[in-house]
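S.K.:
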Amino acid sequence: MSHDSEPGLVSVVVPAYGRPDYLDAAVESVADQTYGSIELVVVDDCSPDPIEPIVAAAETGALDSVRVVRHEVNRGANAARNTGIEASTGEFVAFLDDDDYWRPEKVEKQVRAFERGGDDVGFVYTGQENVTADGTTTNYRVPETRGWVTRDLFRGASLCPFSSVMVRRSVVDAAGLLDTRFPSWQDREWYLRISEECAFEVVAEPLAVRRVDSHGQISDNYEQKRDVSYPLFLEKHRPLARKYGKRHEKALVAAQSRSLAHAALMTGHYRDAVRFLLRSIRYDPSQTESYPVLAVAMGGERAVQAAQRLKRLAERLRGRTAFGTASNDANV
Numbered sequence: 003m004s005h006d007s008e009p010g011l012v013s014v015v016v017p018a019y020g021r022p023d024y025l026d027a028a029v030e031s032v033a034d035q036t037y038g039s040i041e042l043v044v045v046d047d048c049s050p051d052p053i054e055p056i057v058a059a060a061e062t063g064a065l066d067s068v069r070v071v072r073h074e075v076n077r078g079a080n081a082a083r084n085t086g087i088e089a090s091t092g093e094f095v096a097f098l099d100d101d102d103y104w105r106p107e108k109v110e111k112q113v114r115a116f117e118r119g120g121d122d123v124g125f126v127y128t129g130q131e132n133v134t135a136d137g138t139t140t141n142y143r144v145p146e147t148r149g150w151v152t153r154d155l156f157r158g159a160s161l162c163p164f165s166s167v168m169v170r171r172s173v174v175d176a177a178g179l180l181d182t183r184f185p186s187w188q189d190r191e192w193y194l195r196i197s198e199e200c201a202f203e204v205v206a207e208p209l210a211v212r213r214v215d216s217h218g219q220i221s222d223n224y225e226q227k228r229d230v231s232y233p234l235f236l237e238k239h240r241p242l243a244r245k246y247g248k249r250h251e252k253a254l255v256a257a258q259s260r261s262l263a264h265a266a267l268m269t270g271h272y273r274d275a276v277r278f279l280l281r282s283i284r285y286d287p288s289q290t291e292s293y294p295v296l297a298v299a300m301g302g303e304r305a306v307q308a309a310q311r312l313k314r315l316a317e318r319l320r321g322r323t324a325f326g327t328a329s330n331d332a333n334v
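Following this line, the structure appears as structure tokens:
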């Protein structure tokens, strides 16, 4: 995939399906950006009620262009993102889920980060504010992982959801589109491929706002993760990790096993959680994030509930959570 792009233009891709109550806020947050050269591509993934009237009614006069593309059948969010990438023309591509929204300076600060970073930087992401349906902030997540991050990703480094991400189009051309075979973990799979092509940079401010109540939980579709995403991820990326050395291959298996164990834990599959945590520790004992999760898994439902209460309390007290190099799913 490769085509000419317009220098300086940021293409914003919004995959949309079945959340009309939030879509107008997402679209208008794009139009409210302080950066002056933005095109918006909304991909309607065969919503029950077409979303083009919602986009047409939004205040989008400040944007360079607005386009709605509709799938004739529902193909999933990542197929919609791919459609949006292919339909867009900007030098940079950013993503926004239809139930999230942005702070006004997000795009401008990311473009400036690209300019400061030079040609090596091909991926810039921001921090994230998590809010409930009524707009109450639950916590902030502020990124830390930067540079050539492939080795960090092997160990399960947590980066960001799509609504925080902007990618240079030339990097997308080199890495390829999202792999729609994955029912989950498509983001981390794509980020790993992109990390081979460029350096990552961060804007350490929570400029993307995520409505946590409307997003699927990490525990959703555990069986799909176990039976499809987990083996497919290892089949696809163990050879890459092996190129960096055997310890990196082991680190990859350990991190993905721990991530799967967390999904098992959240759905009450405690034996599976213990099994995959033990596998994680066996492959890489240095990933100490696995040990406290194993203790919780061995304690069953009551231990999980207690750990979740403590985590929520800690987040309220702390107010912000660093992405750092800890796994996406290391904590209960």
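In terms of my numbering, the sequence shown opens at residue 3 and continues consecutively. Where a beta carbon is used, it is the ideal one built from N, C-alpha and C, also for glycine.
Any idea if residue 1 is buried or exposed, counting beta-carbon neighbours within 10 angstroms, 16 or more meaning buried?
M.R.: One cannot answer for residue 1 here, as it falls past the ends of the chain, which runs 3 to 334.
S.K.: Assign residue 311 to buried or exposed, taking buried as 16 or more other Cβ atoms, counted over all protein chains shown, within 10 Å of its Cβ.
M.R.: The residue in question, residue 311, is exposed, as its Cβ has fewer than 16 Cβ neighbours within 10 Å.
S.K.: Can you give the Cα-Cα distance for residue 333 and residue 6, rounded to whole angstroms?
M.R.: Reliability fails at residue 333, whose pLDDT of 40 lies under 50, so the model's placement of it is uncertain and no value is given.
S.K.: Is residue 285 near residue 255, with beta carbons less than 8 Å apart?
M.R.: Going by C-beta atoms, residue 285 is nearer than 8 Å to residue 255.
S.K.: Whose CA, out of 289, 153, 56 and 19, lies closest to the CA of residue 68?
M.R.: Selected option, being the one with the closest Cα: 56.
S.K.: At which residues does the alpha helix (DSSP H) containing residue 135 begin and terminate?
M.R.: Segment: none, residue 135 is in no alpha helix (DSSP H) and carries neither H nor E.
S.K.: Check whether the stretch 136-153 and the stretch 92-99 touch, using three or more Cβ-Cβ pairs below 8 Å as the test.
M.R.: In short, these stretches do not touch, since the Cβ pair count stays below three.
S.K.: Considering just the uninterrupted stretch of the alpha helix (DSSP H) at residue 195, what are its terminal residues?
M.R.: Counting along the chain, the alpha helix (DSSP H) containing residue 195 begins and ends at 188-197.
S.K.: On the DSSP letters alone, give me the boundaries of the beta strand (DSSP E) that residue 228 sits inside.
M.R.: Here residue 228 belongs to no beta strand (DSSP E), and DSSP marks it neither H nor E.
S.K.: Just checking, does the stretch 206-214 make contact with the stretch 102-112 on the three C-beta pairs under 8 Å criterion?
M.R.: Yes, since at least three Cβ pairs between the stretch 206-214 and the stretch 102-112 fall closer than 8 Å, the two stretches touch.
S.K.: Shortest alpha-carbon distance to residue 410 belongs to which of 196, 16 and 259?
M.R.: Outside the shown range of the chain, which is 3 to 334, sits residue 410, and nothing can be said about it.
S.K.: Between 291, 250, 299 and 287, which lies nearest to residue 267 when the distance is taken from Cα to Cα?
M.R.: Per the Cα distances, 299.
S.K.: Can you find the residues in the same chain that come closer than 6 Å, C-beta to C-beta, to residue 26, ignoring five residues on each side of it along the sequence?
M.R.: Excluding residues within five positions, the ones whose Cβ falls inside 6 Å are 56 and 60.
S.K.: Would you check if the distance between the CB atom of residue 263 and the CB atom of residue 214 is smaller than 8 Å?
M.R.: Their beta carbons are not under 8 Å apart, which means residue 263 does not touch residue 214 by this criterion.
S.K.: Measuring alpha carbon to alpha carbon, tell me which residue in 24, 129, 280 and 11 is nearest residue 39.
M.R.: It is 11.
S.K.: Thinking just about the alpha-carbon of each residue, which of 158, 159, 170 and 161 is nearest to the one in residue 13?
M.R.: Per the Cα distances, 170.
S.K.: Assuming the contact rule is C-beta atoms closer than 8 Å, residue 168 and residue 112 should be a hit. Round their C-beta distance to whole Å, please.
M.R.: About 5 Å separates the two Cβ atoms, so the contact holds.
S.K.: Would a C-beta distance cut-off of 8 Å place residue 259 and residue 281 closer than the cut-off?
M.R.: Cβ distance < 8 Å, so residue 259 and residue 281 count as in contact.
S.K.: Could you pull out every unbroken beta strand (DSSP E) segment of at least 3 residues lying fully inside the stretch 52-110, listed in chain order?
M.R.: Runs found: 67-72 and 92-97.
S.K.: Using three-state DSSP, classify residue 241 as helix, strand or coil.
M.R.: If DSSP states are grouped into helix, strand and coil, residue 241 belongs with the helices.
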